[in-house]
Amino acid sequence: MPWSNQSGKGGGWKSGGGPWGQRPVGGGGKPTPDLEELLRKSQDKLKQALPGGRFSGPIVAVAAALIIGIVGFFAFTVRVNPDEQGVVLRFGKYVRQLPPGLNFRLPYPIESVYKPQVTRVNRIEIGMRGSGDARSVTGSVRDVQEESLMLTGDENIVDVDFQVLWRIKDASAFLFNIQNPTTTVKEVAESAMREVVGENNIQDLLTEKRNQAEVAVQALMQRVLDSYKAGIDINQVRLQKVDPPAQVIDAFRDVQAARADQERIRNEADAYANRVVPEARGEAQTILQAAGAYKEQTVAEATGQAARFNSVYGEYRKAPQVTRTRMFLETMERVFGDMDKIIIDEKGGGSGVVPYLPLNELMKKPAAGAQ
Amino acid sequence: MKTPYAILLFIGGLIAVTAYMTLFTVQQTQQALVLQFGDPKRVIKEPGLNWKVPFIQNVEFFDNRILDLDATAQEAIASDQKRLVVDAFLRYKIVDPLKFFQTVRDQRIARQRLSTILESALRRTLGEASFIAILRDERENLMARITKQVDANAKDFGIETIDVRIKRADLPEANSQAIYRRMQTERQQEAAQIRAQGEEISRRIRAEANRKVTVIKAEATRDAETTRGEGDAERNEIFNKAFGKDPDFFGFYRSMQAYEAGLKSSDTRLLLSPNTEFFRYFNNPTGK
């Protein structure tokens, strides 16, 4: 029974006693008292070293009780921070959850406690790296093209960077149902985003469907993660950047410029129309007013002339012959008064006035007079 | 005093060692298989404290959670001969530890096998679909089909396939360049079209404005002419009424006015014969 002896003595003190203790068993137990004596001596020395050696018993007891108390306190309790939730496993089996605060638990081999941070909102960035991402490879912000370039439904390529904000919804599900939560969220996010982008056209994604895409990705991610029972809640999917790829961005900008050009040329045309049509209306008014004026003028003049004629006619009726002759003579007087006149008597010559006419001179004179 | 103490310690130690060798914990995330000289004896799926016979039996642990396998990106050819790079991931779970242990023994080998299965399932399924179906129309459907295929194969390993999701389905680099060129030309065309449309709109607006101007002026002229005509008509009526009383005298009266207004001294030269009415008393005081 060397084995039992060894454990009997060595177990009490130190395992180092094993090789010594084995030989003297048959020899009569002489070295054993030596050993006990040695220990007693060292104990005495210890007692002497302590102040008030005589009261050492109670002090040691108090100290031991204190130590046991402290160790016991830590062994039987667990502190759960406000942002955490405690999940207790008894012999590896999930038994209960702990709220934040000081909680009772059984010591180590029986119960163990996990404390996931359930209130913390985690962030995963896809399409770029940096700015506080824990899994960042280099630590600096840079674009990851193989993640951010994706095909749209109309076979174009779009450059998408986005963030996913997620939180632990169910601590035990989160801990026990999936192996790599962070990787899972990221892969699901990438897959969902590509699926949603693949269903849409590039122009919609660049403009009005951005928000719709965010919502769709969030819903899809949530559905997939729920199917894994991952215990994860997707708070938000946030599109950081949706751009055409760098190689073609100039062409896209030119389209924007073209839209501006279109707007400008249209405005110019509108300005032209807005100027020209009112002007025409003004001109129309001018024409109409002129016509109105003409009408009134004509009528007025005609009325005047008619009135004059009527007056003259009234007088004429009283003495037609005299008036007629007088009017004729008066008129001729005025007409002939200022005029150059040549009077030729036709009675004498047979051929009339024609042979005498110096037509050239006659034609010249009025022309010269007109000048 | 010495001997009972030692015996007590001995018994305590014995219990501790026995407990250590007999009892084992299956964690919430684990399941276990108890083997007796390599021969599977028990499957433990519930977490908690369990026992085994020391020395004779040993325990193999397996993960109970959903595990992920990220396939390496690979080229696949769609049914319309377009090449694409597909990156997929697989979620699986060990549901039958016994079968799993018997067929693939551990995770490393299981993952190798699963990768192969996944890759062939991807290639086969995607090869039957057109590019646009993979990209857009039937992605969900195709992923479900791949999952089913992988699941059918992986069942033999005691593995349940939760799902296969296509992470990326992109074109190879050379094709991407072609797409970039196409996108560029498409945008250029779009820009040109937008500008041309602007021109079109502009011209339409200007033409419409010009038309309005013409119409407004024409209508104004029409109304003006009508008004003038009315004026003329009224004038005629007035004249007719006045002059109609004695046409003969009107002829005389109007002639007199016309002579006076029409014959101006500056541009008129008269050759007169004394035999006219004006000269009636020129030679003869009696008037012939």
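Chains as they are written, first to last, in this note's numbering: chain A, 1 to 371; chain B, 372 to 659. For every residue, glycine included, the Cβ atom is placed at its ideal position computed from N, Cα and C. These numbers come from a predicted model, not from an experiment.
Which of the three DSSP states is assigned to residue i in this structure?
{"i": "Thr-396(B)", "result": "strand"}
{"i": "Asp-603(B)", "result": "helix"}
{"i": "Asp-434(B)", "result": "strand"}
{"i": "Gln-628(B)", "result": "helix"}
{"i": "Thr-119(A)", "result": "coil"}
{"i": "Tyr-272(A)", "result": "helix"}
{"i": "Ala-442(B)", "result": "coil"}
{"i": "Ser-112(A)", "result": "strand"}
{"i": "Glu-125(A)", "result": "strand"}
{"i": "Gln-145(A)", "result": "helix"}
{"i": "Met-339(A)", "result": "coil"}
{"i": "Glu-84(A)", "result": "strand"}
{"i": "Tyr-316(A)", "result": "helix"}
{"i": "Asn-421(B)", "result": "strand"}
{"i": "Asp-436(A)", "result": "This structure gives no information on residue 436(A), because the portion of chain A shown stretches from 1 to 371."}
{"i": "Val-466(B)", "result": "coil"}
{"i": "Ala-370(A)", "result": "For Ala-370(A), the pLDDT reaches just 40, beneath the cut-off of 50, and the residue's location in the model is therefore unreliable, leaving the point undetermined."}
{"i": "Lys-412(B)", "result": "strand"}
What is the rounded straight-line gap between the Cα of residue i and the Cα of residue j?
{"i": "Ile-524(B)", "j": "Ala-377(B)", "result": "In the sequence under discussion, the amino acid at residue 524(B) is Asn, which differs from the Ile named in the question. So the alpha carbons of these two residues sit roughly 60 Å apart."}
{"i": "Thr-286(A)", "j": "Glu-333(A)", "result": "44 Å"}
{"i": "Leu-634(B)", "j": "Lys-588(B)", "result": "39 Å"}
{"i": "Val-137(A)", "j": "Lys-241(A)", "result": "Because the pLDDT at Val-137(A) is just 48, under 50, the model does not fix this residue reliably, and the value given afterwards should be weighed accordingly. If you take the alpha carbons of Val-137(A) and Lys-241(A), they lie about 21 Å apart."}
{"i": "Ile-427(B)", "j": "Lys-416(B)", "result": "21 Å"}
{"i": "Pro-116(A)", "j": "Pro-100(A)", "result": "11 Å"}
{"i": "Val-430(B)", "j": "Leu-420(B)", "result": "13 Å"}
{"i": "Ile-124(A)", "j": "Ile-168(A)", "result": "14 Å"}
{"i": "Arg-142(A)", "j": "Met-128(A)", "result": "5 Å"}
{"i": "Phe-620(B)", "j": "Lys-612(B)", "result": "14 Å"}
{"i": "Leu-455(B)", "j": "Val-217(A)", "result": "23 Å"}
{"i": "Arg-96(A)", "j": "Leu-485(B)", "result": "36 Å"}
{"i": "Glu-579(B)", "j": "Asp-270(A)", "result": "10 Å"}
{"i": "Leu-149(A)", "j": "Asn-81(A)", "result": "41 Å"}
{"i": "Phe-336(A)", "j": "Asn-646(B)", "result": "16 Å"}
{"i": "Arg-510(B)", "j": "Phe-176(A)", "result": "30 Å"}
{"i": "Arg-495(B)", "j": "Val-248(A)", "result": "34 Å"}
{"i": "Val-400(A)", "j": "Asp-261(A)", "result": "The structure shown does not extend to residue 400(A), since chain A is modelled only from 1 to 371, so the question has no answer here."}
{"i": "Ser-644(B)", "j": "Ile-343(A)", "result": "6 Å"}
CB-CB under 7 Å to residue i, same chain, minus the five flanking residues each way: which ones, in chain order?
{"i": "Ala-459(B)", "result": "Ala-442, Leu-489, Leu-493, Val-535, Arg-536, Ile-537, Lys-538"}
{"i": "Glu-279(A)", "result": "none"}
{"i": "Val-521(B)", "result": "Leu-461, Ile-488, Leu-489, Ala-492, Thr-532, Val-535"}
{"i": "Lys-209(A)", "result": "Asn-200"}
{"i": "Val-475(B)", "result": "Ala-481, Arg-484, Phe-528"}
{"i": "Gly-29(A)", "result": "Residue confidence for Gly-29(A) is low, a pLDDT of 39 falling below 50, so the modelled location carries little weight; the figure read from the coordinates is stated next. None."}
Below 6 Å CB to CB, which residues in the same chain sit around residue i once its five sequence neighbours on both sides are set aside?
{"i": "Tyr-316(A)", "result": "Thr-323"}
{"i": "Asn-211(A)", "result": "none"}
{"i": "Lys-470(B)", "result": "Gly-529"}
{"i": "Phe-432(B)", "result": "Gln-401, Ala-403"}
{"i": "Val-118(A)", "result": "Gln-85, Ile-168, Ala-171"}
In chain B, what lies closer than 7 Å to residue i by C-beta?
{"i": "Lys-295(A)", "result": "Thr-598, Arg-599, Glu-601, Gly-602"}
{"i": "Met-327(A)", "result": "Met-627"}
{"i": "Thr-303(A)", "result": "Ile-609"}
{"i": "Gly-292(A)", "result": "Thr-598"}
Could you work out which residues of chain B lie near residue i, taking near to mean beta carbons separated by less than 8 Å?
{"i": "Gly-198(A)", "result": "Leu-506, Arg-507, Arg-510, Ala-540"}
{"i": "Arg-89(A)", "result": "The question names Arg, but residue 89(A) in the sequence shown is Leu. Going along chain B in sequence order, the residues near Leu-89(A) (Cβ under 8 Å) are Gln-398, Gln-399, Pro-418."}
{"i": "Ser-227(A)", "result": "Ile-533, Asp-534"}
{"i": "Arg-266(A)", "result": "Gly-569, Ile-572, Ser-573, Ile-576"}
{"i": "Ser-148(A)", "result": "Ordered by position in chain B, no residue passes the 8 Å Cβ test against Ser-148(A), which lies about 11 Å from the chain."}
{"i": "Ser-311(A)", "result": "What Ser-311(A) touches in chain B: nothing, since even the nearest Cβ is about 10 Å away."}
Below 8 Å CB to CB, which residues in the same chain sit around residue i once its five sequence neighbours on both sides are set aside?
{"i": "Met-221(A)", "result": "Val-164, Val-185, Val-188, Ala-189, Ala-192, Ile-234, Val-237"}
{"i": "Val-196(A)", "result": "Ala-213, Ala-216, Val-217, Leu-220"}
For residue i, go through chain A and note every residue whose CB falls closer than 8 Å to its CB, in chain order.
{"i": "Leu-634(B)", "result": "Val-335, Met-339"}
{"i": "Leu-643(B)", "result": "Lys-341, Ile-342, Ile-343, Ile-344"}
{"i": "Tyr-551(B)", "result": "Ile-157, Pro-245, Gln-247, Val-248"}
{"i": "Tyr-463(B)", "result": "Per Cβ cutoff of 8 Å: no residues; Tyr-463(B) is ~10 Å from chain A at best."}
Could you tell me which chain A residues have their CB closer than 9 Å to the CB of residue i, listed as they occur along the chain?
{"i": "Thr-389(B)", "result": "Per Cβ cutoff of 9 Å: no residues; Thr-389(B) is ~14 Å from chain A at best."}
{"i": "Leu-438(B)", "result": "Ile-178, Gln-179, Asn-180"}
Taking residue i as the query, report the chain A residues whose CB atoms sit under 7 Å from its CB, ordered along the chain.
{"i": "Thr-660(B)", "result": "Nothing about residue 660(B) can be read from this structure; chain B reaches only from 372 to 659."}
{"i": "Ala-481(B)", "result": "Here the premise fails: no neighbours, minimum Cβ distance about 13 Å."}
{"i": "Val-584(B)", "result": "Val-276, Val-277, Ala-280"}
{"i": "Glu-631(B)", "result": "Thr-331, Arg-334, Val-335"}
So is the beta-carbon of residue i under 7 Å away from any non-hydrogen atom of the ligand ATP?
{"i": "Pro-411(B)", "result": "What this structure holds is no ligand at all, so the ligand ATP is not there to describe."}
Quick one: list the residues of chain B neighbouring residue i, beta-carbon separation under 9 Å, in chain order.
{"i": "Gly-72(A)", "result": "Those within 9 Å of Gly-72(A) in chain B number zero; the least Cβ separation is about 20 Å."}
Entirely within the region 161-245 of chain A and at least 4 residues each: give me those alpha helix (DSSP H) ranges in chain order.
-> 171-176, 181-199, 202-206, 210-228
Can you give, in chain order, each stretch of the beta strand (DSSP E) that sits fully within the region 469-556 of chain B and has at least 3 residues?
-> 530-541
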